[in-house]
Amino acid sequence: MRWLGWLIATPVALLIVVFAVANRHDVRLEFWPLPWAVDLPVYLVVLGVLAKGLVLGAVITWLSGHKARRRAREQRRRADSLERQLRAAENAANQSVTLVSAEPGRTAV
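Residues in the sequence shown are numbered from 0 upward in steps of one, following numbering that gives the first Met the number 0.
Below, the structure written as structure tokens:
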């Protein structure tokens, strides 16, 4: 499966490099209403926006899974509790069984 990751990542990395080389001219970013301005290459602006979107999407996805993770934790606790109860019942059943020895010539009941 590692080769599949390389198979996907290599062309994507190559496209990013080609994009960066082709878009080296500067753009001016002004932070209105603040007096600051920054000159950055186009590829940094575009890749920065893409990275920000990726992180924001990952955070939103993680936050939306809160209910499912909580439900999974509750079910895991319930399963652990039921397993403990089952082991306790099996131990109690094993301890309550006593062997009855039969007299010679008679069968045990």
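Every residue, glycine too, gets a C-beta built ideally from N, C-alpha and C. Here the structure is a predicted model, which is why all the values come from computation and not from measurement.
| query | Among 90, 10, 6 and 45, which one has its Cα closest to the Cα of residue 178? | reply | This structure gives no information on residue 178, because the portion of the chain shown stretches from 0 to 108.
I'd like to know whether the C-beta atoms of residue 36 and residue 29 end up nearer to each other than 7 Å. yes
**Message:** Tell me the DSSP secondary structure of residue 40 in three-state form.
**Reply:** strand
How many whole angstroms separate the CB atoms of residue 10 and residue 22, which I take to be in contact at a CB cut-off of 8 Å? Not confirmed; about 18 Å, so no contact.
key: Three-way DSSP call (helix, strand, coil) for residue 99 in this model   = Residue placement at residue 99 cannot be trusted, given a pLDDT of 49 that sits under 50; what the coordinates show is reported in the next sentence. Coil at residue 99, not helix or strand.
By Cβ distance, which residues of its chain are closer than 6 Å to residue 87, with the 5 residues on each side in sequence left out? none
*For residue 26: DSSP bridge partner residues*: 39
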